[in-house]
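Undergrad: Numbering (the working numbering), first residue to last: 123 to 289.
Don't be surprised by glycine CBs; every beta carbon is placed ideally from N, CA and C.
Just passing along the structure, written as structure tokens.
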């Protein structure tokens, strides 16, 4: 029996190649009559990072700043996701994208949880080949998801000639 793919979990860091990678999610969703759940995870600060920031801002001020940043991110990221990605499939955005989630925590953990809670049948993530620390970490998240995910993971390799894709 062939697999029935009805929910595609598209994971994005909103990097410069997000529209290119999202194109694969749109193409598959259209072909399979599936819905896309777009997910962006905001990493929480670890203890060392918080301690460093407290040295600059003070403990009370740090909590206030983090709360403000958290509220702003939760309000703004869904708009940014839609703004950056809607032009890729503008004609079918409302039919294809069922939900935009902005989550907080460990990226891998939150994505694995979301696969289950949203009953995803397929996960789409980008492969990062640049050498910056952040790209290596995100790339390692894609590799880890491919190993741990209970559903297939499509890792989209971005060709070098795509550059910083803009829509």
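Just verifying my parser: in three-state terms, what is the DSSP assignment at residue 267?
TA: Taking the first residue of the chain shown as position 1, residue 267 is located at position 145. It is helical.
Undergrad: Taking all protein chains shown into account, do 16 or more other C-beta atoms lie within 10 angstroms of the C-beta of residue 126, making it buried, or fewer, making it exposed?
TA: Taking the chain shown and counting its residues from 1, one reaches residue 126 at position 4. Residue 126 is exposed by the Cβ-count criterion.
Undergrad: Pull up the distance between the alpha-carbon of residue 140 and that of residue 245, whole angstroms please.
TA: Indexing the chain shown from 1 puts residue 140 at position 18. Indexing the chain shown from 1 puts residue 245 at position 123. Their Cα atoms are separated by approximately 14 Å.
Undergrad: Would you call the region 219–230 and the region 200–207 touching, i.e. three or more CB-CB distances under 8 Å?
TA: yes
Undergrad: Expressed to the nearest angstrom, what Euclidean distance is found between the alpha-carbon atoms of residue 195 and residue 248?
TA: Against the chain shown, residue 195 aligns to sequence position 73. Against the chain shown, residue 248 aligns to sequence position 126. Here the alpha carbons of residue 248 and residue 195 stand approximately 22 Å from one another.
Undergrad: Using CA atoms only, rank isn't needed, just tell me which of 124, 151 and 128 is closest to residue 214.
TA: Indexing the chain shown from 1 puts residue 214 at position 92. Per the Cα distances, 151.
Undergrad: Run the CB neighbour count on residue 262, radius 10 Å, all protein chains shown included, and call it buried at 16 or more, exposed below.
TA: For the purposes of this step, residue 262 is identified with residue 140 of the chain shown, where counting begins at 1. By the neighbour-count rule (16 or more Cβ atoms within 10 Å), residue 262 is not buried but exposed.
Undergrad: Are the CB atoms of residue 144 and residue 218 within a distance shorter than 8 Å?
TA: Locating residue 218 in the chain shown gives position 96, where the first residue counts as 1. Locating residue 144 in the chain shown gives position 22, where the first residue counts as 1. Against a cut-off of 8 Å, the Cβ pair of residue 144 and residue 218 comes out as no contact.
Undergrad: Does chain C have any CB closer than 8 Å to the CB of residue 131?
TA: Looking at the structure shown, chain C is missing, and only one protein chain is on hand.
Undergrad: Sort out for me which residues DSSP pairs residue 279 with in a bridge.
TA: Reading the chain shown from its first residue, position 157 is the one you call residue 279. Paired residue(s): 249.
Undergrad: Considering only DSSP beta bridges, list what residue 160 is partnered with.
TA: The count along the chain shown starts at 1 and reaches residue 160 at position 38. Beta-bridge pairing links residue 160 to 132 and 222.
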